[in-house]
Each structure stands twice: as structure tokens, then as C-alpha cells.
Amino acid sequence: MENHIRQFMNDMGLDSFDDIGFLYQDYINECDVMINAIDANIETTSASELEKQIHNLKGVSANLYVQPVHQIAESLDSYLKDHLHMTITDLEIQSLWTQLRSSYNKATDEIIIFFAKHSVSITH
Amino acid sequence: MLFTGKVVMVIDDSYTIRHQVKLLLSKYDIIVIEAYDKKSMLNHLHYKGRLVDLILMDLGLKETTGTSLMRFLQNTENYKHIPIIVLTGDATKNTVLEVISAYKLEHYAIKPIDPKNLSNKVLTVLEKAHFSEHPGTNDDVSKRIKAHKTNVSNALSKEADDLIDMTENYKADKFSIGAKKEKTTKNKKDSSKYHIHPENLGH
């Protein structure tokens, strides 16, 4: 994630680790809520409802250059759009969802470590 | 600065994206007001007694669609002249053409946000609006631009003097100068359809 964050800072034209760190804190806060909501309702959520939530997660990850999460979210979003009649018990959906959660956890750990090196405290 | 004090409203469901836009435009001393639906939009269309100068509108809002908000604004006498830049992840040709022609938009920005592209579009719209409101201020702006150039030139002269001093000292072997360049790699987009293997992730 370090390279992605540096590229993001460069493209935003900002060099303040504080400012960018607080933005990534917002990202983590917002995505935590989305992911926890999906997890809590996964048994009863329809594919179309899940697709809307994954679409949001995909969008905000792309905007902040969290590429690993964006890539899987894009795959899952695409699969769900093509299989809106499926239920969450579908194995492919479950597999992609598991990968997404794992990738998100890894990405956020790396984000936290990066900003900690620059004395900006971010929490999960 | 030409854009100091200009007010831009960003309407998006995601507070992270609203925060990102706020940070992006803060470099130009632009004030960013946030909204996420029709009610919050109406509550904040006026800032310190005057209308916002520009609206960045996400089409994919949860509660109300961006297109219905645009329709409302364009059908309301007081608001129809506020320029709008649409911000959306839907880049299909039909959607773009439909929205641009229906709402007579001048700019359309695709998500994910390209910071430089969005900044340019915002500044272009604000600049155009400024000069159409103040047709006689070109001379003022020219003077300010000249003054800015002089300041930049002075700052560069000082930097050049400092560099000359450093070079002289280096020659005299008083201290060593080290430089390290960091490479940043452009992120590559993985276009595989559904299956992502962990080892292929860009961690």
C-alpha cells in the first residue's frame, strides 16, 4: 500500500501526512461500517442488495487508490451484476467475499503501519 | 487568488469522497460545502448570503438520484444558473450523452476521481463564471498574475543563490550532498473477470 498512498498524495498535490492520514481514517471508518453491515446480514441479503453495497465499497476504494480491495470488489460487483438471481449461498460469491474481507484487512493494516511511520495515528 | 472564497458544493453519499474533494480543492482556497441528499443540498445552497458557485453532483445517490436533483435545480428559477459538474462511475456512452444533453452540462467527471482532471474542470468552470460575472476585471487579474510571477521569480532567485552557496561549499569539501530518488510505480489494473488469486493482488 505504501506506493499506492504515495502516488495518491502526489496526484492530490498534497504532502501533509496528517491531512491524508485523516482521509484514510475516514475511508477505514466508512468501509468498516459497510463490511460489518454486509457480514451481519449476509444470510438474508439478496444479491442485488449486496451488489449495491459492494459497488459503494469498490468506488471509495478506487478513489483512495486502495487497489487490492478495488480489484476484488470489482470482480465481485461484476459477478453479482451477472447473477442477480443468485443467493449469497452461491460458492463463487462466498469465495469472493472472503477474499475481499481478507484483502481489506491486509490493506488497512498496511495503511495504519504506513501512517504510523509518519507519526499519524490511524485506528481500525 | 482568483479562486479564493469561491464556494463549491459536493453532493455525494460517501463522506470519504466528500472529504477527498474538500482536501483537493483546499489548495486553491476554495470553500467546499458538503451535502448528501435533497434536504442537505437545500439547506446549504446559500453560503454567507450568496449562492454556491458550483455543484459537484454524484449521480448515484442512495435516497434521491442525482438526475432528479439536477432536474429540480434546473427547474428552479433561483438555482438554474448554478453550474454543475456531474461525478459518476457510470461511463457508458449512452448515459454520458443522455445526461449531458438533458441537463446542458459542460463537464462530466468519471469516477474513480482523477484528482488533476477534476481540479482542472472545477477551476475552468469557476474561472469562466468569474469572468462572465466580472467582464472588466481582466486588467486586475493580469496585474495579479504579474505580481505572482514576480514572487515566484524572487523565490526561485533565492533558491538559486542557496544552491550556488551549497555548490561552493561542496567544492570546498565542507559537507557532502546526498540525494536519493524514490521511484513510484504506476498501479496496473487487473482486468481478470471474476477470479483473483491472492498472489496477484497489488499489496
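So the protein lines, in turn, are chains A and B. Under the numbering used here, the first residue of the first sequence is numbered 1, with each subsequent residue one higher. Under the numbering used here, the first residue of the second sequence is numbered 1001, with each subsequent residue one higher. Every residue, glycine too, gets a C-beta built ideally from N, C-alpha and C.
Assigned with DSSP and collapsed to three states, T1088/B falls in strand. Of the residues assessed, R1018/B falls on the buried side of the cut-off, its CB having 16 or more other CB atoms within 10 angstroms.
In this structure, the alpha-carbon of L1073/B lies about 33 Å from that of D19/A. Where L1054/B is concerned, the enclosing beta strand (DSSP E) starts and stops at 1054 to 1058. For the stretch 15 to 41 of chain A, the beta-carbon criterion of a distance under 7 Å to any beta-carbon of chain B is satisfied by D19, L23, D26, Y27, E30. Taking 8 Å as the threshold, the shortest C-beta distance from M12/A to chain B falls below it. From the beta-carbon of I1030/B, no residue of chain A is found nearer than 9 Å; the closest lies around 13 Å away.
Q25/A and I122/A do touch by the CB rule: their CB atoms are close to 5 Å apart, below 8 Å. Segment contact: the stretch 1007 to 1022 of chain B against the stretch 1042 to 1057 of chain B, three or more CB-CB distances shorter than 8 Å; contact assigned. Shown here for S61/A: same chain residues with a beta carbon closer than 7 Å to its own, the five before and five after excluded, namely V69, H70, A73 in chain order. By the neighbour-count criterion, in which a residue is buried when 16 or more other Cβ atoms sit within 10 angstroms of its Cβ, Q94/A is exposed. K1104/B and H1130/B have their C-alpha atoms spaced approximately 19 Å apart. Close partners of N56/A in chain B (Cβ separation under 9 Å): D1013, S1014, G1060, K1062. With a threshold of 8 Å between beta carbons, I1017/B makes contact with chain A. Contact note: L84/A does not reach chain B at a C-beta cutoff of 9 Å; the least C-beta distance is about 15 Å.
With its beta carbon at least 8 Å from every one in chain A, K1128/B lies outside the interface. At a C-beta separation below 7 Å, G1089/B has these neighbours in chain A: G59. By the neighbour-count definition (other C-beta atoms within 10 Å, threshold 16), D109/A is an exposed residue. Nearest Cα to H1081/B within the set V1021/B, R1071/B, L1087/B: R1071/B. By a beta-carbon distance limit of 8 Å, I1031/B does not contact H1044/B. Their separation comes to about 11 Å. S103/A has its alpha-carbon roughly 10 Å from the corresponding atom of L96/A.
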